[in-house]
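Enquirer:
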Amino acid sequence: MSRDAILALALIAMIGLVSVRFPGFASPDSLLGVFNDTSILIILALGQMAVVLTRCIDLSMASNLALTGMCCAMLNAAYPQLPIVLLLVVAMLIGALLGSINGVLVWKLDIPPIVVTLGTLTIFRGVIFLISDGQWVNAHEMSPAFKALPRAEVLGLPMLSWVALICIALMYFVVTRTPQGRAFFAVGGNPDAAVYTGIDVGRTRFNAFVLSGALSGICGYLWVSRYAVAYVDIAGGFELDVVAACVIGGISIAGGIGSVAGAVLGALFLGVIKNALPVVNISPFWQQAISGAAIIIAVVFNARAERRSGRIILRQAETT
Amino acid sequence: MMKKSLKVLSAAVVAGTLAIAPAQAEDMRIALVVKALGIGFFEAAAKGAEEAAAELGGVEIIYTGPTDTTAEGQIEVINSLIAQKVDAIAVSANDQDALVPALKKAMTRGITVISWDSGVAPEGRQMHLNPSSNPLIGNMIVKMAADHLPDGGDVAVLSASATATNQNIWIEEMNKVVGNYPGINVVATVYGDDLSDKSYREAQGLMSSHPDLKAIIAPTSVGIVAAAQAVSDAGKAGEILVTGLGLPSEMAAHVESGASKSFAIWNPIDLGYAATMISYNLAKGDAEATAGGEIGMGRLGAVTLGESLDGAMADPFVYDSSNIADFKDIF
């Protein structure tokens with residue numbers, strides 16, 4: 033059985049477990065709510081997946097999200113007549129620009145990605161403080177259209193969920209059907225071999241960072257309009273959730289292994305936990321321990337799955 | 003002749019200055035030193051100070067502060083006020099210890115020094131005025147819910163993190179007095195960790211696990227905004243009441259949507275007014291800052307000082323649809 037299938041079963045088992053304590057949880061409405069709530073995490077996990085596939089990591093995603101979100105909110109407050117679609121494009125471009133800073137530093141200066149993004153994580157937060165002066169952009173300063181987009185329902189599903197679905201589809205296409213997508217795997221799987229096949233390792237990593245930046249930018253707008261508030265600390269610490277979603281989804285931190293389905297399932301796994309804990313009535317101190325334990329269990333499963341596949345190859349070698 | 007007329011002239015000048023001098027001496031100069039200029043909250047406090055000055059008469063308010071929220075900037079401002087020989091300094095401090103030497107110097111020169119809003123260590127001031135007190139806050143947050151629920155009902159608390167000291171004290175104080183509001187039943191206390199997304203999710207959780215919920219009390223500014231948003235997104239604005247502590251600018255849209263009918267926080271105008279009144283009474287010698295003593299605050303009554311010479315001004319001020327428009331651009 034594939035790893036994604038195991039994770040999907042674990043997800044269903046978890047939903048079943050929660051609905052024993054809180055029957056309403058497994059209703060279609062409630063599950064769609066969970067998906068909608070997890071949309072932003074899914075989009076971010078897709079971006080992180082591209083970066084992790086190339087044997088890098090992007091810790092600046094949440095700060096990028098917060099900075100872009102603040103830019104969008106301030107733009108909207110200053111020019112409420114600006115069309116929201118244009119704002120969404122601006123968000124994507126700002127995010128991509130911030131991502132390209134990471135990309136250039138990793139590509140041209142050859143600094144380890146964890147160091148680069150740890151630096152930009154703090155820098156981006158600092159910039160939010162500089163441009164906003166520490167002030168909040170509040171709901172009454174945002175235009176109604178700005179706040180309405182993620183909530184607008186199309187075919188019974190909020191736009192926020194649709195954006196996530198579109199991102200999933202696009203990422204699936206990029207990863208499985210384009211040379212760029214194959215390059216992500218090649219660069220992470222074996223950088224030396226990738227060079228011999230004519231792939232520019234640095235440029236591929238750069239592209240992955242720009243992609244994750246652009247997705248963070250989109251999430252910046254979505255976050256700010258969903259919660260109708262922008263301030264310096266929004267999505268603080270969210271980068272760790274994104275990395276956790278990828279790890280749970282079986283995307284190897286060592287690069288080269290992973291799938292879109294894995295990233296989505298990993299994000300949903302965390303999303304279900306996050307949405308289940310408030311309704312099952314557990315002390316907040318236990319909640320944190322449970323979230324952590326769930327992550328470790330998922331990773332242990334993944335590690336076992338990886339090791340088993342290694343053994344099978346050996347056994348075949350012995351028998352022949 | 004010429005000399006004589008000069009003498010007469012100079013005598014007239016002297017007489018003139020003498021005639022003006024007593025009027026100047028009567029004008030008491032009270033300096034309101036804020037964390038930084040250009041902050042709506044403090045501009046509003048200055049408005050209150052002017053109100054007090056007009057009421058008292060013969061009081062000049064010097065509204066001043068550094069351009070950024072640094073202790074160094076405030077020390078410079080305080081030193082220049084000492085040089086100007088003002089009668090009183092009322093300061094909202096950027097650092098509770100760094101200002102102490104400068105303020106001590108002011109006190110040795112006979113200047114009355116008090117702190118308000120953000121305090122100074124006891125040795126650096128004669129008294130400190132808190133905007134409110136923990137018991138008053140704890141009472142107010144449940145009172146606001148009870149006022150809109152004449153028949154009582156289930157209410158839940160959405161706090162910051164489980165280890166947040168302020169919130170825990172307020173909730174504890176609230177639970178002490180909840181019995182005074184018949185029918186009000188606190189069914190849960192959940193923690194949003196002052197994160198928008200977690201607070202939003204916890205508010206959703208409260209709504210689904212307590213179908214009879216009538217109100218969410220969030221004594222934290224991130225939490226109250228997230229809860230109000232979650233309630234209106236669920237289409238339950240007006241059905242489930244969101245209340246607690248928040249800022250008018252952050253809550254304006256949610257009062258408009260009906261998700262929140264009322265919430266509380268300090269009134270900066272009253273705070274500036276009270277700080278000026280207290281400074282005046284202390285500088286005039288009408289009152290003395292002693293533990294257990296009382297100092298008049300004009301229309302706000304009197305403040306009673308505690309062991310460390312600090313006191314609470316009043317109940318948190320309640321904001322609702324009637325006054326939010328006036329305050330949403332202030333802070």
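So the sequences go chain by chain: H and X. Quick note: the first sequence, position 78, residue 110 per the numbering used here, numbers continuous. Quick note: the second sequence, position 40, residue 42 per the numbering used here, numbers continuous. Glycine included, every Cβ here is placed at the ideal spot set by N, Cα and C.
For residue 316 of chain X, which of helix, strand or coil comes out of DSSP?
Expert: Reduced to three states, the DSSP call for residue 316 of chain X is coil.
Enquirer: Please list, in chain order, the chain X residues whose beta carbon lies closer than 8 Å to that of residue 356 of chain H.
Expert: The structure shown does not extend to residue 356 of chain H, since chain H is modelled only from 33 through 352, so no value can be given for it.
Enquirer: Against chain X, which members of the stretch 237 to 260 of chain H pass a CB distance test of less than 9 Å?
Expert: Within the stretch 237 to 260 of chain H, the residues whose Cβ lies closer than 9 Å to some Cβ of chain X are 255, 258, 259 and 260, listed in chain order.
Enquirer: What does DSSP give as the partner residues of residue 118 of chain X in its beta bridges?
Expert: Per DSSP, X/131.
Enquirer: With DSSP collapsed to three states, give me the class of residue 42 of chain X.
Expert: DSSP places residue 42 of chain X in helix when its eight states are reduced to three.
Enquirer: Within 8 Å of any Cβ in chain X, is that where the Cβ of residue 131 of chain H sits?
Expert: Not one chain X Cβ lies under 8 Å of residue 131 of chain H.
Enquirer: Report the three-state DSSP secondary structure of residue 100 of chain H (helix, strand or coil).
Expert: Here residue 100 of chain H sits in helix by DSSP.
Enquirer: For residue 243 of chain X, which three-state DSSP category applies?
Expert: DSSP places residue 243 of chain X in strand when its eight states are reduced to three.
Enquirer: Flag this pair as yes or no: are the beta carbons of residue 123 of chain H and residue 262 of chain H separated by less than 8 Å?
Expert: No, Cβ-Cβ distance for residue 123 of chain H and residue 262 of chain H is not below 8 Å.
Enquirer: Taking the beta carbon of residue 113 of chain H as the centre, do at least 16 other beta carbons fall within 10 Å, making it buried, or is it exposed?
Expert: Label assigned to residue 113 of chain H: exposed.
Enquirer: Between which two residues does the alpha helix (DSSP H) harbouring residue 145 of chain X extend?
Expert: Here the alpha helix (DSSP H) through residue 145 of chain X covers 136 to 149.
Enquirer: Check for me: the beta strand (DSSP E) holding residue 234 of chain H runs from which residue to which?
Expert: Run containing residue 234 of chain H: none in the beta strand (DSSP E); it sits in the alpha helix (DSSP H), 233 to 259.
Enquirer: Nearest chain H C-beta to residue 203 of chain X closer than 8 Å, yes or no?
Expert: With 8 Å as the cut-off, residue 203 of chain X counts as an interface residue toward chain H.
Enquirer: Under the three-state reduction of DSSP, which class applies to residue 30 of chain X: helix, strand or coil?
Expert: Strand.
Enquirer: Of all Cβ atoms in chain H, is any one closer than 8 Å to the Cβ of residue 150 of chain X?
Expert: It does not: the Cβ of residue 150 of chain X has no partner Cβ on chain H nearer than 8 Å.
Enquirer: In the structure shown, what three-state DSSP assignment does residue 249 of chain X receive?
Expert: Residue state, collapsed to three classes: coil.
Enquirer: Would you please verify whether the beta carbon of residue 321 of chain X is less than 8 Å from any beta carbon of chain H?
Expert: Not an interface residue.
Enquirer: Which runs of the beta strand (DSSP E), 3 residues or longer, sit entirely within the stretch 112 to 144 of chain H?
Expert: DSSP runs (the beta strand (DSSP E)) wholly in the stretch 112 to 144 of chain H: none.
Enquirer: Taking 8 Å as the CB-CB limit, is residue 316 of chain H close to chain X?
Expert: Yes, its Cβ sits closer than 8 Å to a Cβ of chain X.
Enquirer: Bridge partners for residue 62 of chain X per DSSP, in chain order?
Expert: Bridge partners of residue 62 of chain X: X/31.
Enquirer: Per DSSP, which one or two residues make a beta bridge with residue 266 of chain X?
Expert: Beta-bridge pairing links residue 266 of chain X to X/247 and X/320.
Enquirer: Hey, how far is the Cα of residue 24 of chain X from the Cα of residue 122 of chain X?
Expert: With a pLDDT of 42 at residue 24 of chain X, under the threshold of 50, the modelled position of this residue cannot be trusted; read the value that follows with caution. Between residue 24 of chain X and residue 122 of chain X, the C-alpha separation is close to 34 Å.
Enquirer: Alpha carbon to alpha carbon, what distance is there between residue 150 of chain H and residue 222 of chain X?
Expert: Whole-angstrom Cα-Cα distance: 30 Å.
Enquirer: Give me the subset of the stretch 148 to 182 of chain H whose CB atoms are less than 7 Å from a CB atom of chain X, sorted by chain position.
Expert: Hits within the stretch, in order: 168, 170, 171 and 172.
Enquirer: Determine whether the beta carbon atoms of residue 124 of chain X and residue 310 of chain X lie at a separation below 8 Å.
Expert: It is a contact, given that the beta carbons lie within the stated cut-off.
Enquirer: Label residue 134 of chain H either buried or exposed according to how many other C-beta atoms from any shown protein chain fall within 10 Å of its C-beta, with 16 as the threshold for buried.
Expert: Buried is the call here.
Enquirer: Taking just the CA atoms, how far does residue 67 of chain X sit from residue 107 of chain X?
Expert: About 18 Å.
Enquirer: Can you tell me the Cα-Cα spacing of residue 257 of chain H and residue 227 of chain X, whole angstroms?
Expert: Looking at the two C-alpha atoms, the distance is approximately 13 Å.
Enquirer: Looking at the secondary structure, which residues open and close the alpha helix (DSSP H) in which residue 36 of chain H lies?
Expert: That run of the alpha helix (DSSP H) goes 35 to 53.
Enquirer: If you count every other CB in all the chains shown that lies within 10 Å of the CB of residue 318 of chain H, and 16 or more means buried, which is it?
Expert: That one is exposed.
Enquirer: Less than 8 Å between the CB atoms is what I'm expecting for residue 114 of chain X and residue 89 of chain X, so what's the real figure, rounded?
Expert: With 8 Å as the limit, residue 114 of chain X and residue 89 of chain X qualify as a contact, their Cβ atoms being about 7 Å apart.
Enquirer: Give the C-beta separation of residue 254 of chain X and residue 326 of chain X to the nearest angstrom, bearing in mind that I take them to be a contact with Cβ-Cβ under 8 Å.
Expert: Indeed they touch by this definition, with Cβ atoms about 5 Å apart.
Enquirer: Would you tell me roughly how many angstroms separate the C-alpha atoms of residue 297 of chain X and residue 58 of chain X, rounded to the nearest one?
Expert: Going from the Cα of residue 297 of chain X to the Cα of residue 58 of chain X covers about 15 Å.
Enquirer: Any idea what DSSP makes of residue 330 of chain X, helix, strand or coil?
Expert: DSSP places residue 330 of chain X in coil when its eight states are reduced to three.
Enquirer: Which residues of the stretch 65 to 92 of chain H have a Cβ closer than 7 Å to any Cβ of chain X? Give them in chain order.
Expert: Taking 7 Å as the Cβ-Cβ cut-off against chain X, the residues of the stretch 65 to 92 of chain H that qualify are 69.
Enquirer: From what residue to what residue does the alpha helix (DSSP H) around residue 106 of chain X run?
Expert: Its alpha helix (DSSP H) spans residues 102 to 110.
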